Amino acid sequence: MRHGKYRFLAGAMALPLLLYGVFVLWPYVQAFYLAFTDWNGLSSGAKFTGTENFTKLFSDPLFLAALRHNGLMLVAVPLGTIAIALFLSAATQRTKVYRVVYFFPQLLSVAIIAVLWQFIYTPNSGLLNGLLRGIGLGSWAKSWLAEPNFALIAVMVVMVWSAVGFYVVLFTAAMESIPGDIMEAALIDGASPARIFWRITVPLIWDSVQVAFVYLGIAALDGFALVQIMTVGPGGPDGSTEVMGLGLWRNAFTYGKFGYACAMGVTIFFLTLSIAALFLKATKRDQVELA
Amino acid sequence: MKMKHLVLTLWAFVVTTPLLWAFMSSFKTDSEIFDSPWALPSAVRVENWGRAWEQASMGKYLLNTVIIVGGALVLTMLLGALVAYCLARYTFPGNRAIYYTLVAGMLFPVFLALVPLFFVVNQLGMLGTYHGLILVYAAYALPFTVFFLHGFFRSLPSAVAEAAFIDGASHTGVFFRVMLPMARPGMVSVAIFNFVGLWNQYLLPLVLNPDPDGYVLTQGLAALAISQGYKSDWSGLFAGLSIAILPVLVAYLLFQRQIRAGLTAGAVK
Chain A
1 MRHGKYRFLA
11 GAMALPLLLY
21 GVFVLWPYVQ
31 AFYLAFTDWN
41 GLSSGAKFTG
51 TENFTKLFSD
61 PLFLAALRHN
71 GLMLVAVPLG
81 TIAIALFLSA
91 ATQRTKVYRV
101 VYFFPQLLSV
111 AIIAVLWQFI
121 YTPNSGLLNG
131 LLRGIGLGSW
141 AKSWLAEPNF
151 ALIAVMVVMV
161 WSAVGFYVVL
171 FTAAMESIPG
181 DIMEAALIDG
191 ASPARIFWRI
201 TVPLIWDSVQ
211 VAFVYLGIAA
221 LDGFALVQIM
231 TVGPGGPDGS
241 TEVMGLGLWR
251 NAFTYGKFGY
261 ACAMGVTIFF
271 LTLSIAALFL
281 KATKRDQVEL
291 A
Chain B
292 MKMKHLVLTL
302 WAFVVTTPLL
312 WAFMSSFKTD
322 SEIFDSPWAL
332 PSAVRVENWG
342 RAWEQASMGK
352 YLLNTVIIVG
362 GALVLTMLLG
372 ALVAYCLARY
382 TFPGNRAIYY
392 TLVAGMLFPV
402 FLALVPLFFV
412 VNQLGMLGTY
422 HGLILVYAAY
432 ALPFTVFFLH
442 GFFRSLPSAV
452 AEAAFIDGAS
462 HTGVFFRVML
472 PMARPGMVSV
482 AIFNFVGLWN
492 QYLLPLVLNP
502 DPDGYVLTQG
512 LAALAISQGY
522 KSDWSGLFAG
532 LSIAILPVLV
542 AYLLFQRQIR
552 AGLTAGAVK
């Protein structure tokens, strides 16, 4: 094209690429190397230890607990969120005001949500136990985050609570693009609302449902901020809310086991990739073409 | 039909009650909070908010957040638009490679980079500084920004730019005067997406911003809540929580359509 093209390109891209290289690319590359060392952050340097970190990792009871908890979240959170969001989307249809309200938690930081829900779960002065006592179910009241059997469920409830609104907006937008005559035809043929929902609505918005599964699946491998702020320890009573990110953070910035923490990071990375690929494949359906 | 509205109202209740409750509790005394969580405050105690703002430093945290997020947002949008534009509208060797390297950043969990990133920032002497966080925030916001704007710049017609070149405009001139204004709708969507993401950042400041005086809002509030077990000022903490939620709520009420569109744009792509 015109002269000065390469000068312009170099000038425009140098700074952003430098920034990306130094703060994003270089740390990612280093993490893969450090995962195979015993680095503890001291100047003495890192000794190459092969796969030792990974063997240790998979016999570390706390990390195995974290894997189990993230695995449980991986099943429960996407299913719970998508079921509620689909149901609410089908029910709201043209009433816009609900969408506006439901979406709001999506805008709040997980840190804020964690603090808010910590108050809700507080044993004596919390909203939840107050509600249970108010409706005569006082015997159900408990200190939700301090009981090993309930702490993780309590955390998952928060994840679902904050995510539903986003997917209601996503699903309703997809539902609005379904041509009205398809619905009319089904109604004339005498299909019940439930049948229309499962046989027409859900298949026609399946792309969005698939996106939801992948996003929520990736989010379920995190959970760090909620657990770190809400549960005692952090990590809950008896490590009952331990998640992988928390283990990484603790090993790195409390114990100074940076090599070991990087091995956790590498594990999280491969799990994230596999989950995304797996969910995409598992939720694959034959495309429904609208003529 | 009735059933439907019942369920819809129920979820609206589930979403709003915790927020309203936190707001209401911020005006109560500690003993009122403890005695009856559902009761209204006997008097509106505005001083709780004053305590949260001053003693609990929420005011300072808010200012830190505004500076860091504002700086990072301007930087991200400028650099992201430049790179996206160059990659979308110019052919040169390495174009594809650069694009895919940048966009690959979206695939990697931040946890993977966390440890080395800490040491990179530390070695540059940027731990706990405004500019350090601004640069890191911008770097991590780049991949999505470039990905989104790349598609946007590609879809713009080239006739206007060609006319400008014929009239003797420089490459820089064409970008700033012609293409950037045409890309405004795309820029607004990504800016909203980035703003929400950066405003709510917790993990990065937790690791890279260790000085309590420099805390951002999310970090300060969480630290306050965690230390609360030792010196309880519950009403102040509820006020702090409300201070953190209120700006987001006001922004949402003003721009709710654009915000929902901006945030879901990423998922539709």
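Respectively, the protein sequence lines represent chains A and B. Start counting the first sequence at 1; every next residue gets the next number (this note's numbering). Start counting the second sequence at 292; every next residue gets the next number (this note's numbering). Heads up, the beta-carbon is just placed ideally off N, CA and C, and yes, glycines get one too. Keep in mind that this is a model prediction, so the values were computed, not measured.
query, result
"For A:Ala111, which residues in the same chain have their Cβ closer than 7 Å to its Cβ, ignoring the five residues on either side in sequence?", "Ala225 and Ile229"
"Within the same chain, show all residues whose beta-carbon is closer than 6 Å to that of A:Ala291, passing over the 5 residues directly before and after it, in chain order.", "For A:Ala291, the predicted model reports a pLDDT of 47, less than 50, meaning its position is unreliable and no value from the coordinates is stated."
"DSSP three-state call for B:Phe435: helix, strand or coil?", "helix"
"Just list the alpha helix (DSSP H) runs in the segment 470 to 557 of chain B, keeping only unbroken ones of 4 residues or longer that don't cross its boundaries, in chain order.", "475 to 490, 494 to 499 and 508 to 518"
"Answer with yes or no whether the minimum CB distance from A:Leu204 to chain B is below 8 Å.", "no"
"Rounded to a whole number of angstroms, what is the C-alpha to C-alpha distance between A:Val243 and B:Phe325?", "31 Å"
"Mind pulling the alpha helix (DSSP H) runs of 4 or more residues that sit fully within the segment 346 to 397 of chain B?", "349 to 380 and 386 to 395"
"Is it right to say B:Met294 is buried, meaning 16 or more other beta carbons lie within 10 angstroms of its own, or is it exposed?", "exposed"
"Can you tell me whether B:Gly553 sits near the ligand NAD, meaning its C-beta is under 7 Å from at least one heavy atom of the ligand?", "As far as ligands go, the structure on display features none, and thus does not contain the ligand NAD."
"Can you give me, in chain order, the residues of the segment 431 to 464 of chain B that have a beta carbon less than 9 Å from any beta carbon in chain A?", "Tyr431, Leu433, Pro434, Val437, Phe456, Ser461, His462 and Thr463"
"Does the CB of A:Asn124 have a neighbour CB from chain B at under 8 Å?", "yes"
"Please name the residue or residues paired with A:Thr95 in a DSSP beta bridge.", "A:Thr95 pairs with nothing; no bridge assigned."
"Going by DSSP, name the residue or residues bridged to A:Phe48.", "A:Thr37"
"Can you tell me whether DSSP reads B:Thr463 as helix, strand or coil?", "helix"
"Within the chosen definition, does the segment 78 to 86 of chain A reach the segment 471 to 488 of chain B through at least 3 CB pairs nearer than 8 Å?", "no"
"Taking all protein chains shown into account, do 16 or more other C-beta atoms lie within 10 angstroms of the C-beta of B:Tyr376, making it buried, or fewer, making it exposed?", "buried"
"Spell out a yes or no on whether the segment 335 to 348 of chain B and the segment 520 to 539 of chain B are touching, meaning 3 or more CB-CB pairs, one atom from each, closer than 8 Å.", "yes"
"Jot down the residue ranges of each uninterrupted alpha helix (DSSP H) in the segment 107 to 137 of chain A, minimum 4 residues, whole runs only, in chain order.", "110 to 121 and 127 to 134"
"Considering just the uninterrupted stretch of the alpha helix (DSSP H) at A:Pro193, what are its terminal residues?", "Pro193 to Ile196"
"Report the option in A:Tyr28, A:Leu15 and A:Val227 whose CA atom is closest to the CA atom of B:Pro407.", "A:Tyr28"
"Tell me which same chain residues have a C-beta within less than 7 Å of the C-beta of B:Pro309, skipping the five on either side of it?", "none"
"Does A:Lys293 come out as helix, strand or coil in the three-state DSSP assignment?", "Past the edges of chain A, shown from 1 to 291, lies residue 293 of chain A, and the structure says nothing about it."
"Taking 8 Å as the cut-off, decide whether the C-beta atoms of B:Leu532 and A:Leu116 are in contact.", "yes"
"Work out the CA separation of B:Ile550 and A:Trp39 for me, nearest whole Å.", "44 Å"
"Going by CA-CA distance only, name the one from A:Glu147, A:Gly180, A:Leu280 and A:Ile268 that's closest to A:Arg94.", "A:Gly180"
"Three or more C-beta pairs under 8 Å: does that hold for the segment 490 to 497 of chain B against the segment 447 to 456 of chain B?", "no"
"Cα-Cα, which of A:Thr272, A:Val209, A:Ser192 and A:Ala194 is closest to A:Arg285?", "A:Val209"
"Within a Cβ cutoff of 6 Å, which residues of the same chain sit near A:Ala10, ignoring the five residues on either side of it in sequence?", "none"
"How do the segment 211 to 223 of chain A and the segment 261 to 275 of chain A stand: do at least 3 beta-carbon pairs fall below 8 Å, yes or no?", "yes"
"Straight-line CA distance for A:Ile120 to B:Val306?", "13 Å"
"Of the residues that make up the segment 487 to 510 of chain B, which ones have a beta carbon closer than 9 Å to any beta carbon in chain A?", "Val487, Trp490, Asn491, Gln492, Tyr493, Leu494, Leu497, Val498, Leu508, Thr509 and Gln510"
"Just mark B:Gln414 as buried or exposed, buried being the case when its beta carbon has 16 or more other beta carbons within 10 Å.", "exposed"
"Just to make sure I have the definition right: I need the residues of chain A whose C-beta is within less than 8 Å of the C-beta of B:Pro472. Which are they?", "Near B:Pro472 there are no residues of chain A at all, since even the closest Cβ is about 17 Å away, more than 8 Å."
"Quick check: what's the CA-CA separation for B:Leu297 versus A:Thr201?", "22 Å"
"Whole angstroms is fine: what's the gap from B:Val337's alpha carbon to A:Pro105's?", "25 Å"
"Against chain A, does B:Thr555 count as a neighbour if the rule is that its beta carbon must be under 8 Å from one of theirs?", "yes"
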